[in-house]
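Colleague: My structure is below; once you've seen it, I'll send some questions.
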Amino acid sequence: MENHFEQGLEALRQKLLLMASRAETAVNESVQALMQRNHDLALQVRADDDIIDQFEIEIDEMAIQLLTKAPLATNLRLVTVAMKISQNLERIGDEATKIAKRARDLAQEPPVKITLELPHMASLALTMVKDALDSFVQRDSIAARAIIPRDREVDALNKQMHHLLAQYMMENPDTIARCLNWIVATKSLERIADHAKNIAEEVVYLCEAQDIRHSFKN
Amino acid sequence: MAEISLPKLNMPVAAAASAIAAPTLIEINQLSLYYGASKALKNISLNLGEKVVTAFIGPSGCGKSTLLRCINRMNDLIDSVRIEGSLKVADQNIYANDVDVIELRKRIGMVFQKSNPFPKSIYENIAYGLRLHGMKKKSELDDHIEQSLRGAAIWDEVKDRLHTSALGLSGGQQQRVCIARAIAIKPEIILMDEPASALDPIATARIEELILELKKNFTIVIVTHNMQQAARISDYTAFFYIGELIEFDTTTKIFTNPARKQTEDYVTGRFG
Numbered sequence: 001m002e003n004h005f006e007q008g009l010e011a012l013r014q015k016l017l018l019m020a021s022r023a024e025t026a027v028n029e030s031v032q033a034l035m036q037r038n039h040d041l042a043l044q045v046r047a048d049d050d051i052i053d054q055f056e057i058e059i060d061e062m063a064i065q066l067l068t069k070a071p072l073a074t075n076l077r078l079v080t081v082a083m084k085i086s087q088n089l090e091r092i093g094d095e096a097t098k099i100a101k102r103a104r105d106l107a108q109e110p111p112v113k114i115t116l117e118l119p120h121m122a123s124l125a126l127t128m129v130k131d132a133l134d135s136f137v138q139r140d141s142i143a144a145r146a147i148i149p150r151d152r153e154v155d156a157l158n159k160q161m162h163h164l165l166a167q168y169m170m171e172n173p174d175t176i177a178r179c180l181n182w183i184v185a186t187k188s189l190e191r192i193a194d195h196a197k198n199i200a201e202e203v204v205y206l207c208e209a210q211d212i213r214h215s216f217k218n
Numbered sequence: 001m002a003e004i005s006l007p008k009l010n011m012p013v014a015a016a017a018s019a020i021a022a023p024t025l026i027e028i029n030q031l032s033l034y035y036g037a038s039k040a041l042k043n044i045s046l047n048l049g050e051k052v053v054t055a056f057i058g059p060s061g062c063g064k065s066t067l068l069r070c071i072n073r074m075n076d077l078i079d080s081v082r083i084e085g086s087l088k089v090a091d092q093n094i095y096a097n098d099v100d101v102i103e104l105r106k107r108i109g110m111v112f113q114k115s116n117p118f119p120k121s122i123y124e125n126i127a128y129g130l131r132l133h134g135m136k137k138k139s140e141l142d143d144h145i146e147q148s149l150r151g152a153a154i155w156d157e158v159k160d161r162l163h164t165s166a167l168g169l170s171g172g173q174q175q176r177v178c179i180a181r182a183i184a185i186k187p188e189i190i191l192m193d194e195p196a197s198a199l200d201p202i203a204t205a206r207i208e209e210l211i212l213e214l215k216k217n218f219t220i221v222i223v224t225h226n227m228q229q230a231a232r233i234s235d236y237t238a239f240f241y242i243g244e245l246i247e248f249d250t251t252t253k254i255f256t257n258p259a260r261k262q263t264e265d266y267v268t269g270r271f272g
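Residue numbers (our numbering), protein chains in the order written: chain X, 1 to 218; chain C, 1 to 272.
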């Protein structure tokens with residue numbers, strides 16, 4: 001006989017994975033819009049954010065319904081973790097929207113002549129998101145734990161680009177407005193990596209019932 | 001039990017009507033029930049939907065089992081009982097003088113808290129009701145018995161011991177045989193009075209899964225003390241307190257955002 005509660009959990013998991021796929025696409029496309037100065041793609045990313053927001057609401061509704069049925073142990077952790085992961089995915093969508101907004105503005109201005117490691121940073125952040133979600137799907141806490149220290153690399157790159165852009169602005173004051181847009185975009189990528197780290201921490205909690213948040217500071 | 005004040009419901013009938021999305025099968029209107037001089041149910045108005053699971057919840061003595069037993073006139077068996085108001089099943093007033101109670105109970109099966117198989121074989125437990133309703137042919141009986149036991153998700157466990165005593169089964173298995181016995185005569189409605197309260201978590205989970213399967217074909221009304229069970233299996237929930245219907249709504253609404261404070265207090269365990 002089919003287990004109705006398990007079906008509900010599976011539906012929640014599937015919904016979360018659909019949302020994750022949307023969030024990943026949003027980040028990918030926002031970075032693409034930024035690098036390729038693609039105004040239309042930037043607008044598209046902003047428009048699509050509503051879909052991600054809707055996913056967050058639907059996942060919360062499903063989770064609350066499941067919680068009324070008193071899930072226990074792994075099932076209880078899965079439902080609460082799903083709510084937290086969906087919140088992080090929604091924030092990732094918001095950061096993608098911020099990048100897209102800067103991409104839209106930058107596309108209408110002449111390019112700034114500075115070489116940034118932004119594609120590399122974007123690739124690091126995106127891979128973190130992807131790996132965190134894979135660890136959720138595989139219920140692999142070792143893989144999830146391995147994601148967490150990678151956030152520092154993204155933080156360092158952000159700091160490095162921030163310095164470079166600050167320097168460039170001082171030397172080229174006419175580019176300040178454009179460079180500020182780049183600073184916001186890199187900061188958003190740094191936040192995306194933070195959210196990937198949060199998701200990984202939730203996966204560790206799901207698999208091991210260990211709360212490791214805030215234990216990697218400094 | 002804590003004393004709480006109970007403001008009168010303003011529009012119980014309207015609330016009940018608006019909550020139900022499924023077509024109404026059971027229509028309870030201003031129903032009151034007295035045990036002698038004591039009024040055990042007070043002006044209950046409630047519409048229950050077809051092929052959905054409705055849970056009755058509330059503290060002991062609130063009248064939920066009494067109301068359940070009104071639906072197939074089980075309370076007729078108690079001499080001091082007097083009923084006012086009306087209770088219709090599929091538009092027929094079941095308390096009208098011309099109603100054949102035996103025929104009514106064929107349409108409305110019941111499963112009790114304590115499993116009560118007949119002290120006969122598993123086969124005979126199911127065959128009994130079928131024979132009573134005129135089925136004589138062995139092949140036909142065999143088919144119906146298998147179908148009923150399959151419907152109650154117990155066939156695989158008992159198919160090789162159909163002619164052994166039903167009393168030799170575990171409590172959970174006995175309860176599913178009782179459900180098979182109830183569904184054998186193809187009722188429209190199955191009333192369940194705490195059907196899983198004496199069972200362990202595994203047997204309880206089986207019964208809950210079974211109820212979710214049965215609602216595809218039957219209308220189910222269940223009395224339960226287990227709030228999470230109500231949340232897991234029911235579509236609608238009615239909360240009773242000292243003979244009154246306090247709130248009736250979708251189960252999701254009752255367990256996430258009940259409209260009345262008494263309901264909130266009960267489902268969160270503050271009283272009862």
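All C-beta atoms in this analysis are idealised placements derived from N, C-alpha and C, irrespective of residue type, glycine included.
As the structure is a computational prediction, the values presented were derived from the model and not from experiment.
For the region 108-119 of chain X against the region 28-37 of chain X, do three or more pairs of beta-carbon atoms, one drawn from each stretch, fall closer than 8 Å, so that the two count as touching?
Modeller: Judged by Cβ distances under 8 Å, the region 108-119 of chain X makes contact with the region 28-37 of chain X, as three or more pairs qualify.
Colleague: With hydrogens ignored, establish whether the beta-carbon of ALA21(C) is closer than 8 Å to any heavy atom of the ligand GTP.
Modeller: Annotation note on the ligand GTP: not contained in the displayed structure, which lists no ligands.
Colleague: Thinking C-alpha only, which one of THR237(C), GLU209(C), THR252(C) is nearest GLY58(C)?
Modeller: By 1-based counting over the second sequence, the position of residue 58(C) is 58. Ranking the options by Cα distance to GLY58(C), first place goes to THR237(C).
Colleague: When DSSP builds the beta bridges, which residues end up paired with VAL221(C)?
Modeller: Here residue 221(C) is taken as the residue at index 221 of the second sequence, counted from 1. According to DSSP, which records beta bridges pairwise, VAL221(C) is partnered with THR54(C), LEU191(C).
Colleague: Does THR74(X) have its Cβ less than 9 Å from a Cβ in chain C?
Modeller: Stepping through the first sequence from its first residue, residue 74(X) is reached at position 74. Not closer than 9 Å to any Cβ of chain C, the Cβ of THR74(X) fails to qualify, so no.
Colleague: Check whether the region 240-256 of chain C and the region 35-50 of chain C are in contact - that is, three or more C-beta pairs closer than 8 Å.
Modeller: Touching, per the Cβ criterion.
Colleague: Are VAL45(X) and LEU126(X) closer than 9 Å when you measure CB to CB?
Modeller: Within the first sequence, the letter at position 45 stands for residue 45(X). Within the first sequence, the letter at position 126 stands for residue 126(X). Going by C-beta atoms, VAL45(X) is not nearer than 9 Å to LEU126(X).
Colleague: Considering only the alpha carbon of each residue, which of THR175(X), LEU16(X), ILE92(X), VAL81(X) lies closest to ALA196(X)?
Modeller: Within the first sequence, residue 196(X) is the residue found at index 196, counting from 1. Selected option, being the one with the closest Cα: ILE92(X).
Colleague: Shorter than 9 Å from the beta carbon of GLN167(X) to some beta carbon of chain C?
Modeller: Sequence index remark: in the first sequence, residue 167(X) carries index 167 (1-based). Not an interface residue.
Colleague: Quick one: does ASN3(X) have its CB under 9 Å from some CB of chain C?
Modeller: Within the first sequence, the letter at position 3 stands for residue 3(X). Yes, because at least one Cβ of chain C sits closer than 9 Å to the Cβ of ASN3(X).
Colleague: On the CB-based measure, 16 or more other CB atoms within 10 Å of its CB, does ASP249(C) come out buried or exposed?
Modeller: Taking the second sequence and counting its residues from 1, one reaches residue 249(C) at position 249. Result: buried.
Colleague: Output the boundary residues of the beta strand (DSSP E) element that contains ASP105(X).
Modeller: Along the first sequence, one-based indexing puts residue 105(X) at 105. Run containing ASP105(X): none in the beta strand (DSSP E); it sits in the alpha helix (DSSP H), 73-107.
Colleague: What are the uninterrupted segments assigned as beta strand (DSSP E) that are 3 or more residues long and contained completely in the region 65-93 of chain C, given in chain order?
Modeller: The region 65-93 of chain C contains these whole beta strand (DSSP E) runs: 81-89.
Colleague: Using a Cβ cut-off of 9 Å, which residues of the region 200-215 of chain C contact any Cβ in chain X, in chain order?
Modeller: Per Cβ criterion, the list reads ALA205, ARG206, GLU208, GLU209, LEU210, LEU212, GLU213.
Colleague: When the Cα atoms are used, what is the spatial distance from SER141(X) to ILE246(C)?
Modeller: Residue 141(X) sits at position 141 when you count from the first residue of the first sequence. Residue 246(C) sits at position 246 when you count from the first residue of the second sequence. The straight-line gap from Cα to Cα measures roughly 47 Å.
Colleague: Using the Cα positions of ILE64(X) and ASP265(C), report the straight-line distance between them to the nearest angstrom.
Modeller: Translated into positions along the first sequence, residue 64(X) becomes position 64. Translated into positions along the second sequence, residue 265(C) becomes position 265. Straight-line Cα distance between these residues: approximately 19 Å.
Colleague: Do VAL203(X) and ARG150(X) have their beta-carbon atoms positioned less than 9 Å apart in this structure?
Modeller: Sequence index remark: in the first sequence, residue 150(X) carries index 150 (1-based). Sequence index remark: in the first sequence, residue 203(X) carries index 203 (1-based). No, they are not a contact pair.
Colleague: Cβ of SER115(C) within 9 Å of Cβ of GLN30(C)?
Modeller: Taking the second sequence and counting its residues from 1, one reaches residue 115(C) at position 115. Taking the second sequence and counting its residues from 1, one reaches residue 30(C) at position 30. No, the Cβ-Cβ distance between SER115(C) and GLN30(C) is not below 9 Å.
Colleague: Could you tell me whether any Cβ in chain X is nearer than 9 Å to the Cβ of ARG232(C)?
Modeller: In the second sequence, residue 232(C) corresponds to position 232, counting from 1. Yes, ARG232(C) counts as interfacial toward chain X.
Colleague: Just to make sure I have the definition right: I need the residues of chain X whose C-beta is within less than 7 Å of the C-beta of PHE255(C). Which are they?
Modeller: For the purposes of this step, residue 255(C) is identified with residue 255 of the second sequence, where counting begins at 1. Within 7 Å Cβ-Cβ: THR68.
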